[in-house]
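Read through the structure below, which is laid out as structure tokens, and then see the notes.
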Amino acid sequence: MNRQNDLITDILLASVKYADRPSMVIEETTYTYAGLFEKVWSICACIRSVKPNVIGIMAENTVETYASVLAVLFAGKTYVILHPSYPDSRNLQIIRQAGIEVLLHDGSVPVGFARSEGVVCISVSGEAIPVSAEPYYMTHAETDAYIIFTSGSTGEPKGVPISRSNLNAFYRAYSQLGWKLDETDRMLQMFELTFDVSVVSFLYPLTLGACVYTVSSGGLKYLNVLDIMERHSLTFAAVAPSVLRLSRPYFNEISLPALKYLVVTAEASDVNIISEFRRCIPNASVVNLYGPTEATIYCTAYSIPYHDCKHHNGMVAIGRPFHGMEIVITDKEGKPLPSGQTGELWVGGAQVMAGYWKNSQKSAECLVATADGKVYYRTGDLCYQDADGDIFYCGRKDTQVKVQGFRIELAEIEYRVKQYYDNKTNAVVIPLYEEDGHCNLHLVLERPSGDTAALEQFLQNELPPYMLPRRIHFMNSFPLNASSKTDRKKIMQLI
Amino acid sequence: MMNTSEILEQLNCIFRKVLKNDSLVLTETTTAADVDGWDSLTNMQLITEIEKRFVLRFTFREIVKLKNVGDLCSVILSKLKQA
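First to last, the sequence lines map onto chains R and L. According to this note's numbering, the first sequence is numbered sequentially starting from 1. According to this note's numbering, the second sequence is numbered sequentially starting from 1.
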């Protein structure tokens with residue numbers, strides 16, 4: 001197989017060629033390719049014989065977790081990430097939905113909740129069992145590589161299955177973006193494994209024989225990110241713009257001359273912050289990468305110039321489609337719009353998923369087949385394209401928001417709040433944006449003011465930390481708009 | 001000149017106010033991982049409040065090196081001595 005056709009094969013080739021070079025640095029410990037793959041083959045031997053195809057992995061910032069991801073991929077199976085910061089109830093929802101029967105964990109966090117559900121929990125910590133490297137088990141291209149669960153408006157997370165074919169289409173297109181990277185590069189992986197940008201941040205460097213530097217998820221992450229970038233002279237970093245925003249007061253103290261590429265992704269990037277951060281990264285090219293999870297990580301790219309960066313209301317342009325991907329911007333009836341007009345962005349091509357996990361209704365809503373047989377994913381993002389073909393993101397057509405890169409359906413939070421009140425209290429979640437673009441979630445309840453400690457505890461038990469509202473407000477009655485619907489804009493003005 | 005326990009007391013007030021948690025009790029060994037709501041975003045607000053209260057300024061490197069509340073007290077104490 002040719003290089004840059006199959007991501008897993010290329011990682012295997014690199015693991016042999018660069019066996020003695022560093023593959024990962026995790027919590028200041030360096031693992032060579034040989035050391036990492038000793039663990040991978042050991043876990044692989046363990047799971048290859050198990051019958052279920054979908055394997056759960058409890059994500060921790062440890063070599064065992066990363067080796068587990070690789071082992072599942074090398075074993076020809078599908079991985080689903082559970083997270084220790086999620087409430088047990090949410091991890092259980094994912095276990096049930098994905099049909100997880102086997103869970104790999106590193107032994108550092110309790111997994112009793114999964115055992116009580118009948119899941120076989122395998123600890124992969126400790127010394128690797130010596131196993132001779134086995135050839136990569138080629139699996140059907142349509143077998144899923146992973147399923148990522150994202151926020152769902154009905155209170156249940158939605159499963160986005162990405163096949164090996166989707167992943168390889170992404171890999172080929174991403175490799176064509178012109179990166180000048182090789183085995184000497186040091187590359188950042190700052191994203192939670194529940195979020196798909198982690199897939200490229202972790203796997204792509206391993207195809208090159210380069211070294212991946214991970215970041216602890218606990219504590220003050222943005223500081224850890226910049227600290228690792230500076231101390232280890234990283235050459236490549238994909239970061240959420242929040243990292244830059246939160247470190248803005250310290251730009252005059254940060255110096256990253258070794259950085260060759262800065263990718264900004266996961267949420268809209270502020271043109272001014274990028275411009276100010278340039279002084280910290282004098283030798284780096286800056287690229288904005290955009291994409292919904294449903295179209296495999298990223299599907300458009302914009303190389304941000306030093307001067308005259310294209311933007312819409314301060315949000316950096318998202319650029320042009322990846323090789324092999326097509327886009328169309330449509331009106332409410334799904335008819336293509338001419339350049340300059342704003343409508344919903346549809347993306348099509350080999351990176352687009354076949355459909356949501358066991359949810360044909362949601363798949364039918366979001367995937368559209370056109371008369372010429374092409375299938376597009378309706379992103380829900382409102383965009384327009386300029387005469388050069390560059391795409392500009394303008395906002396959402398629904399109530400989905402991003403907080404520190406995490407995709408959140410406001411309706412899911414509202415669903416849980418109403419559930420707490422036995423559907424007897426109306427609730428809306430209002431995203432309020434600060435001047436620097438940071439989104440704070442405010443929960444507004446249609447009831448007289450009262451104690452909210454029990455509600456807050458309930459939400460902590462049901463939702464991941466990033467979905468918890470920052471503040472709770474009360475209103476005796478919600479204002480209505482002309483269509484007699486709850487007037488969210490008016491509520492936003494009143495709180 | 002303040003001592004460590006007085007600084008800790010002041011920090012406790014600031015943390016309670018910023019994190020909206022009246023029952024929070026900080027010790028010198030408390031870390032961000034121990035406190036609900038002490039995350040990347042609120043850390044910025046905490047640092048701003050601490051800088052205002054003690055009339056000092058932290059450098060990026062000083063903030064990065066802080067491992068727990070005790071470290072924070074030590075940096076504040078050393079800056080107050082220099083002032």
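Every residue gets a Cβ at the ideal spot worked out from N, C-alpha and C, and that includes glycine. This structure is a prediction, so every number in the text was calculated from the model and none was measured.
What do you get for residue i, buried or exposed, if any count of 16 or more other CB atoms within 10 angstroms of its CB means buried?
| i | result |
| --- | --- |
| residue 241/R | buried |
| residue 424/R | exposed |
| residue 75/L | buried |
| residue 55/L | exposed |
| residue 1/L | exposed |
| residue 2/R | The predicted model places residue 2/R with a pLDDT of 47, which falls under 50 and marks its position as unreliable, so this point remains unresolved. |
| residue 245/R | buried |
| residue 407/R | buried |
| residue 23/R | buried |
| residue 140/R | exposed |
| residue 448/R | exposed |
| residue 32/L | buried |
| residue 433/R | exposed |
| residue 97/R | buried |
| residue 145/R | buried |
| residue 3/L | exposed |
| residue 292/R | buried |
| residue 49/R | exposed |
| residue 383/R | buried |
| residue 27/R | exposed |
| residue 196/R | buried |
Do the CB positions of residue i and residue j come within less than 8 Å of each other?
| i | j | result |
| --- | --- | --- |
| residue 228/R | residue 243/R | no |
| residue 143/R | residue 123/R | no |
| residue 463/R | residue 186/R | no |
| residue 206/R | residue 67/R | no |
| residue 420/R | residue 458/R | yes |
| residue 239/R | residue 190/R | yes |
| residue 427/R | residue 414/R | yes |
| residue 194/R | residue 147/R | no |
| residue 302/R | residue 313/R | no |
| residue 173/R | residue 322/R | yes |
| residue 262/R | residue 286/R | yes |
| residue 213/R | residue 247/R | no |
| residue 47/R | residue 63/R | no |
| residue 69/L | residue 11/L | yes |
| residue 19/L | residue 42/L | yes |
| residue 60/L | residue 273/R | no |
| residue 230/R | residue 210/R | no |
| residue 345/R | residue 398/R | no |
| residue 475/R | residue 444/R | yes |
| residue 46/L | residue 28/L | no |
| residue 357/R | residue 161/R | yes |
| residue 412/R | residue 151/R | yes |
In chain L, which residues lie with their C-beta within 9 Å of the C-beta of residue i?
| i | result |
| --- | --- |
| residue 254/R | 60 |
| residue 246/R | 40, 41, 43, 44 |
What residues from chain L crowd round residue i, counting only those whose CB sits closer than 7 Å?
| i | result |
| --- | --- |
| residue 227/R | 64 |
Could you name the residues of chain R that residue i contacts, counting a contact when the two beta carbons are closer than 7 Å?
| i | result |
| --- | --- |
| residue 84/L | With chain L covering 1 to 83 only, the question about residue 84/L has no answer from this structure. |
Along chain L, in chain order, which residues have C-beta atoms closer than 8 Å to that of residue i?
| i | result |
| --- | --- |
| residue 538/R | Since the displayed chain R opens at 1 and closes at 495, residue 538/R lies outside it and no answer follows. |
If you measure from the beta carbon of residue i to each beta carbon in chain B, is any gap under 8 Å?
| i | result |
| --- | --- |
| residue 267/R | This model lacks chain B altogether, as its protein chains are R and L. |
- prompt: Would you say the stretch 400-408 of chain R touches the stretch 439-452 of chain R, given that touching needs at least three Cβ pairs under 8 Å?
  reply: yes
message: Three Cβ pairs or more, each shorter than 8 Å: is that satisfied between the stretch 317-337 of chain R and the stretch 194-210 of chain R?
response: no
field: Three CB pairs or more closer than 8 Å across the stretch 160-178 of chain R and the stretch 384-392 of chain R
entry: no
query: Is the stretch 13-23 of chain R touching the stretch 145-158 of chain R in the sense that three or more CB pairs, one from each, lie closer than 8 Å?
result: no
message: Quick check: the stretch 45-60 of chain R against the stretch 72-89 of chain R, are at least 3 beta-carbon pairs closer than 8 Å?
response: yes
query: Does the stretch 356-372 of chain R touch the stretch 278-291 of chain R, meaning 3 or more C-beta pairs lie closer than 8 Å?
result: no
task: Report yes or no: do the stretch 111-126 of chain R and the stretch 372-385 of chain R share at least 3 C-beta pairs separated by less than 8 Å?
output: no
Stretch-stretch touch, CB-based, cutoff 8 Å, three pairs: the stretch 341-361 of chain R with the stretch 302-311 of chain R: no
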